[in-house]
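Numbered continuously in this note's numbering, the sequence shown closes out at residue 216. One structure is given here, and the rest of the page talks about it.
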Amino acid sequence: MAQALGQDKSTEAEIDQRLMLNYASGDTSAFETLYQKHKGGLYRYFVRQLGDKQLAEDLYQETWGRIIKSASSYQADAKFTTWLYKIAHNLLIDHVRAVKPVDLFSEAFTEEQDGEAFLPSDVMSPDRAMEDSFKASLLKRCIALLPTVQKEALLLNMEAGFTAGAIADIVGVTLEATKSRIRYANQGLKACVMNKWQEVQNER
């Protein structure tokens, strides 16, 4: 089973590479396929880092603009998703350095901005749905409180599904540094959620 999953992932990467090469050769439909496939994850990446939908939209569009401009320089040995998120990461860093050089990335996380990813199932009981929704809000608040580099590494790993090696390539640090960021992020997140949940329980 694990081998089959690995093959599926490899196939997806090869499909992306082929689509990008086709687009570089003039096939505009190949770009549309890539865009539809990756637009959701890329947009969430910006929203969750910045906490600002309009700014996220601007950088999101700029990323795809860079992809279009750089199509001819795409190398077939580069995984498309890694290349895509490396461009996104660099745009994000350039922006936050320009507008907020000390505290990179806003820690603003609101229910309106990020509610869809944590919507409870329709089949849940009202009490269970309310509890799960509340726990989800605690999780989002705790993610927002993580140090910037840990937050990015965690979201790239947990949501986008990148390996530590791919994240290291995207953000430009060593593999060991990336592993440490993910490990500390998980530890900090777990402790934060547990502490906040315990506070809620004690107030009841």
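Where is the CB? At the ideal position from N, CA and C, for every residue including glycine.
Please classify Thr186 as buried or exposed, where buried requires at least 16 other C-beta atoms within 10 Å of its C-beta. Exposed: under 16 other Cβ atoms inside 10 Å.
Endpoints, alpha helix (DSSP H) assigned at Ser41: From DSSP, the alpha helix (DSSP H) with Ser41 extends over Thr40 to Leu62.
Complete alpha helix (DSSP H) runs within the segment 167-193 (minimum length 4 residues, chain order): If we require 4 residues or more, the alpha helix (DSSP H) runs fully inside the segment 167-193 come out as 176-183.
Looking only at C-alpha atoms, which of Lys163, Tyr72 and Asp181 sits nearest to Arg195? It is Lys163 whose Cα lies nearest to the Cα of Arg195.
So, for His101: in the same chain, excluding its five sequence neighbours on each side, which residues have a beta-carbon less than 6 Å away from its beta-carbon? These residues qualify, in order along the chain: Ile182 and Val183.
For Lys152, does the count of other Cβ atoms within 10 angstroms reach 16, so buried, or fall short, so exposed? Buried is the call here.
Compare the C-alpha of Thr160 against each of Leu46, Tyr57 and Met206 and name the closest. Taking only the C-alpha atoms, the option nearest Thr160 is Tyr57.
Exposed unless 16 or more other CB atoms sit within 10 angstroms - verdict on Thr190: Buried, by the Cβ-count rule.
Please list the terminal residues of the continuous alpha helix (DSSP H) segment that includes Lys81. Counting along the chain, the unbroken alpha helix (DSSP H) around Lys81 starts and ends at Lys65 to Lys81.
Pull up the distance between the alpha-carbon of Gly52 and that of Leu167, whole angstroms please. Going by the C-alpha atoms only, they are around 14 Å apart.
Please report how far the alpha carbon of Met32 lies from the alpha carbon of Glu188, in whole angstroms. Approximately 30 Å between the Cα atoms of the pair.
Given that a residue counts as buried once 16 or more other Cβ atoms are within 10 Å of its Cβ, and exposed if not, what is Lys207? Correcting the residue identity first, residue 207 is Asn in this sequence and not Lys. Taking every protein chain shown into account, the CB of Asn207 has fewer than 16 other CB atoms within 10 angstroms, so this residue is exposed.
Status (buried if at least 16 other CB within 10 Å, exposed otherwise) for Glu26: It counts as exposed.
Cβ-based burial, Gln66 [other Cβ within 10 Å; buried from 16]: Gln66 counts as exposed, since fewer than 16 other C-beta atoms from the protein chains shown sit within 10 angstroms of its C-beta.
Are there 16 or more other CB atoms within 10 angstroms of the CB of Ala165, so buried, or fewer, so exposed? With 16 or more Cβ atoms within 10 Å of its Cβ, Ala165 is classed as buried.
Measuring alpha carbon to alpha carbon, tell me which residue in Phe174, Thr45 and Leu157 is nearest Trp76. Scanning Phe174, Thr45 and Leu157 for the CA closest to the CA of Trp76 turns up Thr45.
Beta carbon of Ala83, beta carbon of Ala36: below 8 Å? Yes, they are a contact pair.
Which residues in the same chain have their Cβ closer than 7 Å to the Cβ of Leu150, if we skip the five residues on either side of it in sequence? Val205, Lys208 and Trp209.
Within a Cβ cutoff of 7 Å, which residues of the same chain sit near Tyr94, ignoring the five residues on either side of it in sequence? Sequence check: residue 94 is Thr here, not Tyr. Closer than 7 Å at Cβ, skipping near neighbours: Ala178, Asp181 and Ile182.
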